[in-house]
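Chemist: This note's numbering applies: residue 36 is where the sequence shown begins, and numbers increase by one.
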Amino acid sequence: MHRSFPGSLALILVLALVTACGSPAPAAPTTAPAAPAATEAAPTSAPAATAAVAAAAVATAAIVAAVPTEGTLTQESPLPQVSPLGGATTPSGSAKIGDWSSPAPTKLPANVTLGFVLGLTQDIAVYGQSQKNGVQLAVDQINAGGYLGKGKLVAAIENSTGTNEGAIAAMTKAIDDDKAVGVVGPTLSAQAFAADPIAQEKGIPVIGPSNTVAGIVEMGNFIFRDSLPESSVIPGTVKQVLSLLGVKKVGILWGNNDDFSVGGYKVFKQALQDNNVPIVDDETFARGDVDFQAQLTKIIAQKPDAIVVSALAKEGALIITQARSLGFTGPLVGGNGFNSPAVITQTGQAGEGLIVGAAWNIASSEPLSQDFITAYQAAFKAAPDQFAVQTYTAVWLFATAIRRADSVDPKTIRDTLAGIKDFATPLGNFSFGPDRNPIHSPVAQIVRGGKFVVLTAETAKQ
Ligand code: 1QQ
């Protein structure tokens, strides 16, 4: 049923990947040096171009030059071909998303600034770059359609890099310097745990577009997320893996020093226990590691039917390739860290059959998903991923709260955000629950033909 992966070819790929990835990511996010955040001065931002904005633009150019191409996991690759913020080619005023039937706001200031704390560089740039595209598209649509009346939505995009310190600096800058009335981000749960308390303390609402670990919204009443927690996604994915692929026993490999990988591991373990699936071996690694062969050899020796991997994209891609090179042909099952198409690009044939639970799949039949995909492809000449759609949705959620409230008072925005229910989005019919967690349906996916497709009895077999 599973294609075997030629060992020698895989080893060459592993070596190539390790070489291409250059210096590993910081061993532990908490020990990495703080990187200064930089503001992206959007062409759509304040018309009065101040010296600060000009300086920010220079800083942006420096950051942009270091940003990897979408679809790679390296740090040194060139910038993806995206138009500058404000340049997405969306048909003016044609967005169907949004509560257009609510009265147009009349009291908003000329510029309404949202802050974005995104990992645009280092090992998490594969997520952050996609998120930035989502921001760009949403902001352009909102402004083109006049969704905020005479108010123009301005995106202050701060680069958190891959570290917690970077996230703290970016969050502080977004709130104190950019005067954001709300913040979307940070990219990682670990960064959210580090930086969200700043926003909570200052009374600025935050929507986490990609924070999937337990404990995010519990940080305070100003903290929301529109990313489904792993606890809403993984149990269903595990059930499908067991029923469709006949998996009876598994091995687990997980990152033990970043909140996402640890959190995902706990949810996987619980889901396996709930289904009485024995875990034949349980191995760990650290963020930044590049060689997983010792752990994988031990796991494979226990003859699991499947290997569950809780990892971010960079380590996850290497694990997939190395597992195949060591001769493992069974299913590999991962969490949200694998939801980047970059993982598929990096793993090639080894990534075929990878199973990943998600909040969204490109085949979604939601009408607004189709609209989003069409607009995204027109703007960026690339297919969107889950991270883009979640961040795009977060901007629309904030804009909708601001429109309905007709206010830029952060507390009023918070309260209005909390009341958003049954809002049509590309993710489906979306509501915030009473705990500020998102309510919508998850989907299990499998990689087939180099793409994430919905996991079904049919696609499981190929
Ligand atoms: C988290 C995640 C990451 C995979 C986001 C990029 O889900 O940190 O919670």
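From the three backbone atoms N, C-alpha and C, an ideal C-beta is built for every residue, glycine too.
Beta-carbon within less than 8 angstroms of Thr494's beta-carbon, same chain only, minus the 5 sequence neighbours each way: which residues are those?
Modeler: Excluding positions up to five away in sequence, the list reads Ile481, Arg483, Val488.
Chemist: Is Pro445 helix, strand or coil by DSSP?
Modeler: DSSP places Pro445 in helix when its eight states are reduced to three.
Chemist: What is the C-beta distance between Asn310 and Leu277, in whole angstroms, given that I count them as a contact (C-beta under 8 angstroms)?
Modeler: Right, the Cβ-Cβ distance comes to about 6 angstroms (below 8 angstroms), so this counts as a contact.
Chemist: Considering only the beta carbon of each residue, do Asn374 and Asp316 sit closer than 8 angstroms?
Modeler: No, these two residues do not count as a Cβ contact at 8 angstroms.
Chemist: Confirm the yes/no value for this check: CB of Asn292, any heavy atom of the ligand 1QQ, distance under 7 angstroms.
Modeler: Answer for Asn292: no, Cβ out of range of the ligand 1QQ.
Chemist: Could you tell me which uninterrupted alpha helix (DSSP H) segments, each at least 4 residues in length, are contained entirely in the stretch 142-183, listed from first to last along the chain?
Modeler: Correct list: 160-180.
Chemist: Is there contact between the stretch 377-389 and the stretch 443-459, where contact requires at least three CB pairs shorter than 8 angstroms?
Modeler: The answer is no - the stretch 443-459 does not touch the stretch 377-389, with fewer than three Cβ pairs under 8 angstroms.
Chemist: Contact check, Phe303 vs Val282 under 8 angstroms by CB: the rounded distance?
Modeler: In fact, because the Cβ distance is near 12 angstroms, the residues do not count as touching under 8 angstroms.
Chemist: Kindly indicate which residue of Ala413, Asn464, Pro138, His475 has the alpha-carbon position closest to the one of Gln176.
Modeler: Taking only the C-alpha atoms, the option nearest Gln176 is Ala413.
Chemist: From this set, Thr426, Ser296, Ala459, Asn464, which residue's C-alpha is nearest Ser262's C-alpha?
Modeler: Closest by alpha carbon: Thr426.
Chemist: The ligand 1QQ heavy atoms versus the CB of Phe407: any closer than 7 angstroms?
Modeler: It does not: the Cβ of Phe407 is nowhere closer than 7 angstroms to a heavy atom of the ligand 1QQ.
Chemist: Please classify Ala352: does DSSP put it in a helix, a strand, or coil?
Modeler: Three-state result, Ala352: helix.
Chemist: Within 10 angstroms of the Cβ of Thr222, are there 16 or more other Cβ atoms? Answer buried if so, exposed if not.
Modeler: By the neighbour-count rule (16 or more Cβ atoms within 10 Å), Thr222 is buried.
Chemist: Per DSSP, Trp431 is paired with what?
Modeler: Bridge partners of Trp431: none, in fact.
Chemist: Using only the alpha-carbon positions, how far apart do Leu452 and Pro313 sit?
Modeler: Between Leu452 and Pro313, the C-alpha separation is close to 42 angstroms.
Chemist: So, at 8 angstroms on beta carbons, what are the nonlocal neighbours of Ala518 in its own chain, with the 5 sequence-adjacent residues on each side left out?
Modeler: Nothing can be reported for residue 518, as the shown portion of the chain is limited to 36 through 497.
Chemist: Using 7 angstroms as the cut-off, classify the Cβ of Val248 as near or not near the heavy atoms of the ligand 1QQ, replying yes or no.
Modeler: For the ligand 1QQ, at least one heavy atom lies less than 7 angstroms from the Cβ of Val248.
Chemist: Flag this pair as touching only if the stretch 226-236 and the stretch 329-340 have three or more C-beta atom pairs under 8 angstroms; answer yes or no.
Modeler: Touching, no.
Chemist: Starting from the Cα of Glu253, find the closest Cα among Lys486, Val297, Asn472 and give me that residue.
Modeler: Minimum Cα distance to Glu253 is reached at Asn472.
Chemist: Taking 7 angstroms as the cut-off, is the CB of Ile390 close to at least one heavy atom of the ligand 1QQ?
Modeler: Not so, every heavy atom of the ligand 1QQ lies at least 7 angstroms from the Cβ.
Chemist: Which residues does DSSP list as the beta-bridge partners of Ala394?
Modeler: In DSSP, Ala394 forms no bridge with anything.
Chemist: Taking the alpha-carbon positions, what's the Lys185 to Val344 distance?
Modeler: Each residue's alpha carbon lies about 48 angstroms from the other.
Chemist: Which runs of the beta strand (DSSP E) fall wholly inside the stretch 276-348 and span at least 3 residues, in chain order?
Modeler: DSSP runs (the beta strand (DSSP E)) wholly in the stretch 276-348: 285-290, 314-320, 341-345.
Chemist: Determine, using beta carbons only, whether Leu347 and Gly372 come nearer to each other than 8 angstroms.
Modeler: Yes; because the gap between Cβ atoms is below 8 angstroms, this pair is in contact.
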